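**Student:**
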Amino acid sequence: MKKGYGNIIKALRAENKLSQAKLASMVGVTQQCVSEWEKESIEPTLSNLWALADIFSISIDVLVGRKEY
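Residues in the sequence shown are numbered from 1 upward in steps of one, following this note's numbering.
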């Protein structure tokens, strides 16, 4: 079963030893926003996806579950 984007973001954040607050600061959003992404209550914007992809050095396809993580 494919992971949802929330699980992928959470796993990447944990692997990189980043708190939600630190990742939020790096992307330019609030900690609450990162929390909502991880719960899949809201979706990251395209610009947020680009920022996350750059931070984790992966493609957006991986973030949204189109390619295996």
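For glycine and all other residues, C-beta sits at the position ideal for the given N, C-alpha and C.
No experiment lies behind these values; they were computed from the predicted model shown.
#1: Determine the DSSP secondary structure at Leu63, reduced to helix, strand or coil.
#2: Below 8 Å, can you find three or more Cβ-Cβ pairs linking the region 39 to 55 to the region 4 to 11?
#3: Residues in its own chain within less than 7 Å of Gly65 by CB, not counting five upstream and five downstream?
#4: Assuming Val34 is part of the alpha helix (DSSP H), what are its boundary residues?
#5: When DSSP labels each residue in this structure, what does Ser19 get in the three-state scheme?
**Tutor:** Inspection of the coordinates gives the following:
#1: Helix, per DSSP.
#2: Touching, yes.
#3: Around Gly65: Lys2, Lys3, Gly4, Tyr5, Ile8.
#4: Its alpha helix (DSSP H) spans residues 31 to 39.
#5: Coil at Ser19, not helix or strand.
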